[in-house]
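Here the protein sequences line up with chains A and B, keeping their order.
Oh and the first sequence: position 11 is 11 in our numbering, straight run, nothing missing.
Oh and the second sequence: position 46 is 46 in our numbering, straight run, nothing missing.
Backbone N, C-alpha and C fix where the C-beta goes; we use that ideal spot for every residue, glycine too.
Structure, as structure tokens:
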Amino acid sequence: MSTVPRVPSAVPGQPPAFHTVLAHAPAIQQNFAALYADFWMDPALSQRDRELARIRNARVTACGFCRQVRFSLAREEGLDEATLDLVTDAYAESSLSDREKRILAWTDAVIGDPARADPALGETLRRDLGEAGLAALTLGVGLFLGLAKVLITLGLEPEQMPVTVLPTPGSAAYRAPAAR
Amino acid sequence: MVQYSAVAQPVIPAPLAAHLEPLPHLRAGFERFLAACFDPDAVPAATLERCRRLVAALHGADPAACGPAFAGLPPAEAEALARGECPPGLPPADALALEIAGCIPWRHHDLPDAPVLAYRDACGERAAVTLLAALAMFDALCRMTLAASRLEGA
């Protein structure tokens, strides 16, 4: 693990951070920002479901930034820290709903050993979430994992960081100049 | 070595593309994002191809699960990569890229500073950022495709 940036900021006067380092490759930065905003605003999956999967990935992948971030819309919809505290390796025995446990199990399948993903779990999730919801979950987990690894390997994890609520990408608060 | 036109072919492997079909706008956005990560103007096509094959091998997967082929490789080199090994005699930057790639699927926190800093110094900051994004997305794409393929039999 490195908490020393391995690539400097591409933006003069700004410190190395995910968006300022990614700016060395503007097409990656711009296409990711557009996709991530569209993903979070798509109605196929609830904000709560997405955030549960994102936090599960953040904890398993051990991304020091991702696991301290909370997105605002899920927070506003009532997803609190007590619930997120249940997203541990023991979530199967927790008070989360069976549907939420299946969402976490699919998240684990993608970020763990996907060649052993249980088709029966996928079929049940199809009924839980619909085809579009399951597709959104798979896409989200892939993005969460991929971008966490980019951040980690660039050395952009903070030494310390409190739990921080950020505007959900694509939301009105995210687009407002004061929020950026 | 045969050079392929990477941007002219679909980037998302077929089983995953079918899985994402209910979300055509997100699938199209994902396609554009991946194409930006797999940019042969920033990282040579042969380097991308070597890394794609190594990441697939570390997953025990067919290279097609990690995205399209970017370049042809000599058979001996392809065979070494399929065994999860770094072929001998590569350009130094490619050996560094493969050293980094070897950590991405299962040991991303074990990646030391040295190969990343050496690759950045040799190839530049744009190439370093693009390489790390490409490697992470080869890994993510492979996982998503393997999971989606498991659903096909459900």
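Self-check item: Separation of A:Glu93 from A:Ala25, as counted between CA atoms
Solution: If you take the alpha carbons of A:Ala25 and A:Glu93, they lie about 43 Å apart.
Exercise. May I have the straight-line CA-CA distance separating A:Asp108 from A:Arg54, to the nearest angstrom?
Key: When only Cα atoms are considered, A:Asp108 and A:Arg54 end up about 11 Å apart.
Quiz item: Does the stretch 129–138 of chain B touch the stretch 97–108 of chain B, meaning 3 or more C-beta pairs lie closer than 8 Å?
Solution: The stretch 97–108 of chain B, when compared against the stretch 129–138 of chain B, does touch it at the 8 Å Cβ threshold.
Practice problem: Say whether chain E places a C-beta atom closer than 8 Å to the C-beta of B:Val55. | Solution: Looking at the structure shown, chain E is missing, and the protein chains on hand are A and B.
Quiz item: Is it the case that the CB of A:Val141 approaches a heavy atom of the ligand NAP more closely than 7 Å?
Solution: Although the ligand NAP was asked about, the structure shown includes no ligands whatsoever.
Practice problem: Could you check what DSSP says for B:Val129 in three-state terms: helix, strand or coil? | Solution: Secondary structure of B:Val129 (DSSP, three-state): helix.
Self-check item: Rounded C-alpha distance that separates B:Ala55 from B:Cys66
Solution: The residue asked about is misnamed: residue 55 of chain B is Val in this sequence, not Ala. Going by the C-alpha atoms only, they are around 8 Å apart.
Exercise. Give the single residue among A:Val110, A:Pro5, A:Leu134 whose Cα lies nearest to the Cα of B:Leu23.
Key: Closest option to B:Leu23, Cα to Cα, is A:Leu134.
Quiz item: Can you tell me where the beta strand (DSSP E) with A:Phe71 in it begins and where it stops?
Solution: That run of the beta strand (DSSP E) goes 69–71.
Quiz item: Quick one: does A:Ala58 have its CB under 8 Å from some CB of chain B?
Solution: Proximity of A:Ala58 to chain B, defined by a Cβ-Cβ separation below 8 Å, is not satisfied.
Quiz prompt | For B:Pro87 and A:Leu52, the rounded distance between their alpha carbons | solution = Roughly 41 Å between the two C-alpha positions.
Quiz item: Under 8 Å, do A:Pro119 and B:Leu151 count as touching if we go by C-beta distance?
Solution: Cβ atoms of A:Pro119 and B:Leu151: closer than 8 Å.
Quiz item: Just checking my contact of B:Met137 with A:Thr138 at CB under 8 Å: how many whole Å lie between their CB atoms?
Solution: For B:Met137 against A:Thr138, the beta-carbon gap comes to about 14 Å, at or over 8 Å, which does not count as contact.
Exercise. Determine, using beta carbons only, whether A:Arg6 comes closer than 8 Å to chain B.
Key: For A:Arg6, the nearest CB of chain B lies under 8 Å from its own CB, placing it at the interface with that chain.
Quiz prompt | Neighbour flag for A:Lys149 against chain B, beta carbons, 8 Å | solution = At least one chain B Cβ lies under 8 Å of A:Lys149.
Exercise. With DSSP as the reference, label A:Val165 as helix, strand or coil.
Key: Looking at A:Val165 - three-state DSSP - the assignment turns out to be strand.
Quiz prompt | 8 Å Cβ cutoff, A:Ala62 in contact with chain B | solution = Answer yes: the Cβ-Cβ gap between A:Ala62 and chain B drops below 8 Å somewhere.
Exercise. Let me know if B:Asp94 comes out buried or exposed under the rule of 16 or more other beta-carbons within 10 Å of its beta-carbon.
Key: That one is buried.
Quiz item: With burial defined as no fewer than 16 other Cβ atoms inside 10 Å of the residue's Cβ, what is the status of B:Gly89: buried or exposed?
Solution: Counting Cβ neighbours within 10 Å, B:Gly89 comes out exposed, since fewer than 16 surround it.
Quiz item: What number of angstroms, rounded off, separates the C-alpha of A:Thr61 from the C-alpha of B:Ala76?
Solution: Spanning the alpha carbons of A:Thr61 and B:Ala76 requires a straight line of approximately 34 Å.
Self-check item: Identity of the residue in B:Ala46, B:Pro68, B:Leu141, B:Asp39 nearest B:Gln9 by Cα
Solution: Out of B:Ala46, B:Pro68, B:Leu141, B:Asp39, B:Pro68 has the C-alpha closest to the C-alpha of B:Gln9.
Exercise. Could you check what DSSP says for A:Ala23 in three-state terms: helix, strand or coil?
Key: Coil at A:Ala23, not helix or strand.
Exercise. Go ahead and label A:Asp89 buried or exposed: buried means 16 or more other beta carbons lie within 10 angstroms of its beta carbon, across all protein chains shown.
Key: Within a 10 Å sphere around the beta-carbon of A:Asp89 sit fewer than 16 other beta-carbons, which makes this residue exposed.
Quiz item: At a CB-CB cut-off below 7 Å, which residues of chain B make contact with A:Ala135?
Solution: Residues of chain B passing the Cβ test: His19, Leu20, Pro22, Leu23.
Quiz item: Quick check: the stretch 18–32 of chain A against the stretch 72–82 of chain A, are there 3 or more CB pairs under 8 Å?
Solution: Judged by Cβ distances under 8 Å, the stretch 18–32 of chain A makes no contact with the stretch 72–82 of chain A, as fewer than three pairs qualify.
Exercise. Specify the secondary structure class of B:Ala42 as computed by DSSP and reduced to three states.
Key: B:Ala42 falls in the coil class under three-state DSSP.
Quiz item: A:Ala179 CB to nearest chain B CB: under 8 Å?
Solution: The predicted model places A:Ala179 with a pLDDT of 45, which falls under 50 and marks its position as unreliable; any figure quoted below should be read in that light. The beta-carbon of A:Ala179 is placed no less than 8 Å from the nearest beta-carbon of chain B.
Quiz item: Going by other Cβ atoms of all chains shown within 10 Å of its Cβ, with 16 needed for buried, is A:Gln47 buried or exposed?
Solution: Result: buried.
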